[in-house]
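Engineer: Using this note's numbering, the first residue of the sequence shown is number 17, and each one after it goes up by one.
Just so it is clear, CB atoms sit at the ideal spot from N, CA and C, and this is done for glycine as well.
Sending over a structure as structure tokens; questions will come in a sec.
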Amino acid sequence: MRQIVSLNRKWAFVMAPEGVPSAMPAPAYFVNVPHSWNAIDGQDGAGDYYRGTCAYVKNLSFEDLPEGEKLFIEIQGANSSADLYVGGRHVAHHDGGYSTWRADVTEAVSRTGDTLIVVMVDNSANDHVYPQMADFTFYGGLYRDVNLIGVPASHFDLEYYGGPGIAVTPIVDGKNASVKTEVYLKDAKEGQTLRFAIKLPCGCTVAETEVPATETCFDAVIEDVHLWHGRKDPYLYTAIVELVEDGKVLDTVKTRFGCRSYAIDPERGFILNGEEYPLRGVSRHQDRWGVGNALTHEHHKEDMELIYEVGATTIRLAHYQHDQYFYDLCDEYGMVVWAEIPYISQHLPGGRENTISQMKELVTQNYNHPSIVVWGLSNEITMKGEADPDLIDNHKVLNSLCHEMDKTRLTTMAVLSMCDMDAEYVHIPDTVSYNHYFGWYGGDTSMNGPWFDKFHEKYPNMPIGCSEYGCEALNWHTSDPKQGDYTEEYQAYYHEELIRQLFTRKYLWATHVWNMFDFGADARAEGGENGQNHKGLVTMDRKYKKDSFYAYKAWLSDEPFVHICGKRYTDRVEDVTRVTVYSNQPSVELFANGESLGVKEAADHFFYFDVPNSGETTLVAKAGELTDESFLRKVDTFNEAYRLVEKGAVLNWFDITEREGYFSLNDKMGDIMDSVGGKIWLATMMLTLKKKMDAGKGNGEKGEKKGGFSIDMKSVGNMTQMLGGFTVLRLTSMMGMVNVSFTKEELLKINAQLNRIRKPKK
17 MRQIVSLNRK
27 WAFVMAPEGV
37 PSAMPAPAYF
47 VNVPHSWNAI
57 DGQDGAGDYY
67 RGTCAYVKNL
77 SFEDLPEGEK
87 LFIEIQGANS
97 SADLYVGGRH
107 VAHHDGGYST
117 WRADVTEAVS
127 RTGDTLIVVM
137 VDNSANDHVY
147 PQMADFTFYG
157 GLYRDVNLIG
167 VPASHFDLEY
177 YGGPGIAVTP
187 IVDGKNASVK
197 TEVYLKDAKE
207 GQTLRFAIKL
217 PCGCTVAETE
227 VPATETCFDA
237 VIEDVHLWHG
247 RKDPYLYTAI
257 VELVEDGKVL
267 DTVKTRFGCR
277 SYAIDPERGF
287 ILNGEEYPLR
297 GVSRHQDRWG
307 VGNALTHEHH
317 KEDMELIYEV
327 GATTIRLAHY
337 QHDQYFYDLC
347 DEYGMVVWAE
357 IPYISQHLPG
367 GRENTISQMK
377 ELVTQNYNHP
387 SIVVWGLSNE
397 ITMKGEADPD
407 LIDNHKVLNS
417 LCHEMDKTRL
427 TTMAVLSMCD
437 MDAEYVHIPD
447 TVSYNHYFGW
457 YGGDTSMNGP
467 WFDKFHEKYP
477 NMPIGCSEYG
487 CEALNWHTSD
497 PKQGDYTEEY
507 QAYYHEELIR
517 QLFTRKYLWA
527 THVWNMFDFG
537 ADARAEGGEN
547 GQNHKGLVTM
557 DRKYKKDSFY
567 AYKAWLSDEP
577 FVHICGKRYT
587 DRVEDVTRVT
597 VYSNQPSVEL
607 FANGESLGVK
617 EAADHFFYFD
627 VPNSGETTLV
637 AKAGELTDES
647 FLRKVDTFNE
657 AYRLVEKGAV
667 LNWFDITERE
677 GYFSLNDKMG
687 DIMDSVGGKI
697 WLATMMLTLK
707 KKMDAGKGNG
717 EKGEKKGGFS
727 IDMKSVGNMT
737 QMLGGFTVLR
747 LTSMMGMVNV
757 SFTKEELLKI
767 NAQLNRIRKP
777 KK
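In structure tokens form, the structure reads like this:
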């Protein structure tokens, strides 16, 4: 029988070794797996986390070997390339840091003494393994489980793209389901048989058969099938196949599966088992504060419980293959999943084979999960510019590969906001989604819904969704939230607006918030805390649910609740302050120091109250039997602890001279361009910008930042609609992405110019 021995404990870790260790290091620094060497420096900012090769070294005693004629080492995640050495012998190389792979070590392992195992893991930059450019940390490490597997000479294949050795394809037909099961065998012998069974959760058998081992595919019918129906009823069957010789079971594989039918309709959205089933949910990265990507099962379970609490029906598991345990949780909790490979941001001319191998592993290893409905081909792959012929062909190859390997699922893709909706590559997959940040990186929140309407009108037969949208929030606060201020209040406002626009458009096949959790992005220096992307609805340590979390819970969850926003915003200067309450109940009553401020009803679950602000006020919100409490304190001057002061900023928005009736650096580009004087000023600014970019060519061709994206005057013109939502100050600060910077004196000069341009009368 198959035996699995965990190898997670006690690996000697060697940072940047000079070569492959030939003996256990002395002295040794021991770690347990899962482990990442970037758990700290990959989250502290500056983009300087260690990217290179590290060694994991372990002595394996012959006494710890599992029984079996064949031995395999299984590595469930080593980022991003790895070489395996056993007993001084190189036995395997693997490119791709997010999938399971195995190696036959039978001949390399000593059966009488210790065997030295070395895994050389490398997350350094290269030109052929994805990802190489993305807004997240590429944590290095042996960060998922490592096992030693012993099997008989005849066994279910352990090397077939790292898969489970069994593929189950259920097809629902009315009240019944036909179930095709295929297994992959190695070195089967004449006279051996395969014993097959389908079982219910109770252990009862609903179908069984025994066939010669030469027949690796067999069909069964489940009558009166119990459907897997998302969150409402995530029912799972189990398929078990045993390899038998002379009545003795040699090896066994089993997998859970669900029976469901689905369709993605360009008008009605997602349809599950014939029922309209709106996909409204979140995206998820796999890292944590102080842990990196070396998550435990407890971490994964907590993530799922938070996603379930918010009421999500779907998860986009970005931007790579996630842990098998998390896909299992998606099956159990009824999440509808978008699974994708890390073909992201920058097309690598030498990376095609890696996209193919990573896709083969993704599909093979995750084929049996009923939660997965689409395979993602790429994400924002045109970040470096327009799609070239090789990029387009690469997508066509991947799209065909997915359909060849899996006849039951559709393909999709996440497209950069600026990408033309007429672009050829946009129409390669079966469905498509766009990453739009109107209201954060540019434009205005009101632009989101109309953009999708335009796409839907132009391409009524192409299912369209929103794969990313969001904005950053930290522990900054204001009663006058503005785009780009990083306050919890602006994030709440932003998501209120996006919920109203996206959730009311039934044709959107799926919407995914970016992101469920704050995550590591070591190159980031935004919002006052470097090294993270803070667009999460929950903080990176999972300890605080931002107010926007409850905005989604109000719309999506059936769990009754009421939540007062702004609990971290206690000190307020205004005499009357606006307080927002979120609830999925039909009405909310708010009390201030025991006095009712009235009952509000809101069809959109967002309740707004004007609260007298004097002295100290205890607020209590009531929705039926539910209550929530908050506290306010009247202060004379604004509490500066609530205000973001950018570290290293040349100017902050509150340091800028503003003249009544005239523009300043704090005004949006769109408003400025609506005035005649603003258009003249903009023409002058564009010349200044061009000179600065030309001067910066020595740092990168055509103003291109190494590892970043390029920009030219034409692309600036194409992004005018988005740029209109930026303040001039924020836009100039972002010019650092293309090696263009402004001094304090230059910014003050620009502000003086704007102070002379009168705002149009409304």
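1. Pull up the CB-CB distance for Met-17 and Val-307, whole angstroms please, since I reckon it's below 8 Å.
2. Across which residues does DSSP place Val-102 in a beta bridge pair?
3. Measuring alpha carbon to alpha carbon, tell me which of Arg-296, Val-199, Cys-218, Lys-215 ends up nearest Ile-209.
4. Cα separation between Asn-410 and Thr-371?
5. Pick helix, strand or coil for Arg-368, following the three-state DSSP scheme.
6. Against chain D, with Cβ distances strictly below 9 Å, would Ser-449 count as a contact?
7. Mind checking whether Pro-801 and Thr-254 have CB atoms under 9 Å apart?
8. With DSSP collapsed to three states, give me the class of Thr-843.
9. Less than 6 Å between C-beta atoms, sequence neighbours within five positions excluded: which residues of the same chain meet that for Leu-681?
10. For the beta strand (DSSP E) containing Leu-210, name the first residue and the last one.
11. What is the rounded straight-line gap between the Cα of Asp-173 and the Cα of Leu-201?
12. In or out: Asp-347 buried (at least 16 other Cβ within 10 Å) or exposed?
13. Is Ser-96 buried or exposed, if buried means 16 or more other CB atoms sit within 10 Å of its CB?
14. Quick check on DSSP: helix, strand or coil for Lys-464?
15. Applying the criterion that 16 or more other CB atoms from any shown protein chain within 10 Å of the CB defines a buried residue, is Ile-360 buried or exposed?
16. Could you name the residues that DSSP lists as bridge partners for Thr-398?
17. Here's the rule: buried if 16 or more other CB atoms are within 10 angstroms of the residue's CB, otherwise exposed. What is Thr-447?
18. Are the beta-carbon atoms of Lys-48 and Asn-139 separated by less than 9 Å?
19. Pick from Val-595, Lys-583, Pro-168, Val-353: whose alpha carbon is nearest that of Val-298?
20. Would the beta-carbon of Ser-599 fall within 9 Å of that of Asn-309?
21. Where does Met-31 sit, in a helix, a strand or coil, going by DSSP?
22. Since Tyr-278 is in the beta strand (DSSP E), which residue starts that stretch and which ends it?
23. Write down every uninterrupted run of the alpha helix (DSSP H) in the segment 537 to 592 whose length is 4 residues or greater and which is fully enclosed by it, in chain order.
24. Near Ile-182, which residues of its chain fall below 8 Å by C-beta distance, leaving aside the five closest residues on each side in sequence?
25. From Trp-456, Gly-166, Glu-575, pick the residue whose C-alpha is nearest to that of Phe-88; which is it?
26. By the three-class DSSP mapping on this structure, what secondary structure does Lys-722 have?
27. If you follow the alpha helix (DSSP H) that Ile-323 is part of, which residue opens it and which one closes it?
28. Contact check, Tyr-66 vs Trp-27 under 8 Å by CB: the rounded distance?
29. Using the C-alpha atoms, what's the distance from Phe-273 back to Pro-180?
30. Pull up the CB-CB distance for Asn-531 and Lys-559, whole angstroms please, since I reckon it's below 8 Å.
31. Quick test of your reading: Ala-98 and His-106, contact by CB under 8 Å. State the CB separation rounded to the nearest angstrom.
32. Taking the straight line between their C-alpha atoms, what separation do you get for Lys-376 and Tyr-159?
33. Short of 7 Å in beta carbon distance, which residues of its chain neighbour His-316, apart from the five on each side in sequence? Order them along the chain.
34. If we count the other Cβ atoms within 10 Å of its Cβ and call it buried at 16 or more, is Gly-631 buried or exposed?
35. So, helix, strand or coil for Lys-730, using DSSP?
36. Around the Cβ of Phe-29, are there at least 16 other Cβ atoms within 10 angstroms (buried) or fewer (exposed)?
Structural biologist: Working from what's here:
1. Residue mapping note: residue 17 aligns to position 1 of the sequence shown, counting from 1. Residue mapping note: residue 307 aligns to position 291 of the sequence shown, counting from 1. Wrong, their Cβ atoms sit about 35 Å apart, outside the cutoff.
2. Walking along the sequence shown from the start, residue 102 turns up at place 86. Paired residues: Arg-105, Ile-133.
3. For this step, residue 209 is matched to residue 193 along the sequence shown. Looking at the sequence shown, residue 209 is not Ile but Thr. That would be Val-199, whose Cα lies nearest to the Cα of Thr-209.
4. Translated into the one-based positions of the sequence shown, residue 410 becomes position 394. Translated into the one-based positions of the sequence shown, residue 371 becomes position 355. Cα to Cα, the separation comes out at about 8 Å.
5. The residue labelled residue 368 in the question sits at position 352 within the sequence shown. Reduced to three states, the DSSP call for Arg-368 is helix.
6. The structure shown contains no chain D, having only a single protein chain.
7. Since the first residue of the chain shown is 17 and the last is 778, residue 801 is not available in this structure.
8. Since the first residue of the chain shown is 17 and the last is 778, residue 843 is not available in this structure.
9. Stepping through the sequence shown from its first residue, residue 681 is reached at position 665. These residues qualify, in order along the chain: Ile-672, Val-744, Leu-745, Asn-767.
10. If you number the sequence shown from 1, residue 210 lands on position 194. 209 to 215 is the span of the beta strand (DSSP E), which, as asked, contains Leu-210.
11. Here residue 173 is taken as the residue at index 157 of the sequence shown, counted from 1. Here residue 201 is taken as the residue at index 185 of the sequence shown, counted from 1. The straight-line gap from Cα to Cα measures roughly 5 Å.
12. For the purposes of this step, residue 347 is identified with residue 331 of the sequence shown, where counting begins at 1. Label assigned to Asp-347: buried.
13. What you label residue 96 is simply residue 80 of the sequence shown in a count that begins at 1. Buried: at least 16 other Cβ atoms inside 10 Å.
14. The residue given as residue 464 occupies position 448 in the sequence shown. This sequence places Asn at residue 464; Lys is not what is there. Asn-464 falls in the helix class under three-state DSSP.
15. As a working note, residue 360 is residue 344 in the sequence shown. Label assigned to Ile-360: buried.
16. Counted from its first residue, the sequence shown places residue 398 at position 382. The partner list for Thr-398 (beta bridge, DSSP) reads Gln-362.
17. Indexing the sequence shown from 1 puts residue 447 at position 431. Burial call: buried.
18. Within the sequence shown, the letter at position 32 stands for residue 48. Within the sequence shown, the letter at position 123 stands for residue 139. In the sequence as displayed, the identity of residue 48 is Asn instead of Lys. Not a contact, by the Cβ cut-off of 9 Å.
19. Along the sequence shown, read from residue 1 onward, the residue named residue 298 stands at position 282. Nearest of Val-595, Lys-583, Pro-168, Val-353 to Val-298, Cα basis: Val-353.
20. Reading the sequence shown from its first residue, position 583 is the one you call residue 599. Reading the sequence shown from its first residue, position 293 is the one you call residue 309. For Ser-599 and Asn-309, no; Cβs fall outside 9 Å.
21. As a working mapping, residue 31 is identified with position 15 in the sequence shown. Residue state, collapsed to three classes: strand.
22. One-based indexing of the sequence shown puts residue 278 at position 262. Per DSSP, Tyr-278 belongs to the beta strand (DSSP E) from 278 to 281.
23. 563 to 572
24. Counting from one through the sequence shown, the residue named residue 182 turns up at place 166. So the qualifying residues of the chain are Phe-172, Thr-197, Glu-198, Val-199, Tyr-200, Ala-255, Val-257, Val-269, Lys-270, Thr-271, Asn-384.
25. The residue you call residue 88 lines up with position 72 of the sequence shown. The option with the nearest alpha carbon to Phe-88 is Gly-166.
26. Against the sequence shown, residue 722 aligns to sequence position 706. Residue placement at Lys-722 is poorly supported in this model, since its pLDDT is 33, which falls under 50; the coordinates still yield a value, given next. Lys-722: coil per DSSP, three-state reduction.
27. Numbered from 1 along the sequence shown, position 307 holds the residue referred to as residue 323. From DSSP, the alpha helix (DSSP H) with Ile-323 extends over 313 to 326.
28. Mapped onto the sequence shown, residue 66 falls at position 50. Mapped onto the sequence shown, residue 27 falls at position 11. Incorrect: roughly 18 Å between the Cβ atoms, too far for contact.
29. For this step, residue 180 is matched to residue 164 along the sequence shown. For this step, residue 273 is matched to residue 257 along the sequence shown. If I take the Cα positions, the gap works out to 13 Å.
30. The residue labelled residue 531 in the question sits at position 515 within the sequence shown. The residue labelled residue 559 in the question sits at position 543 within the sequence shown. The Cβ separation is near 16 Å, so there is no contact.
31. Indexing the sequence shown from 1 puts residue 98 at position 82. Indexing the sequence shown from 1 puts residue 106 at position 90. Incorrect: roughly 11 Å between the Cβ atoms, too far for contact.
32. Counted from its first residue, the sequence shown places residue 376 at position 360. Counted from its first residue, the sequence shown places residue 159 at position 143. Distance between the alpha carbons of Lys-376 and Tyr-159 is about 21 Å.
33. The sequence position of residue 316 within the sequence shown is 300, counting from 1. Hits under 7 Å: Asp-339, Tyr-341, Phe-342, Leu-345.
34. Along the sequence shown, one-based indexing puts residue 631 at 615. By the 10 Å Cβ count, Gly-631 comes out exposed.
35. For the purposes of this step, residue 730 is identified with residue 714 of the sequence shown, where counting begins at 1. Confidence at Lys-730 is low in this model, with a pLDDT of 39, below 50, so the placement of that residue should be treated as unreliable; the coordinate-derived value is given next. Note: Lys-730 maps to helix in three-state DSSP.
36. By 1-based counting over the sequence shown, the position of residue 29 is 13. With 16 or more other Cβ atoms within 10 Å, it is buried.
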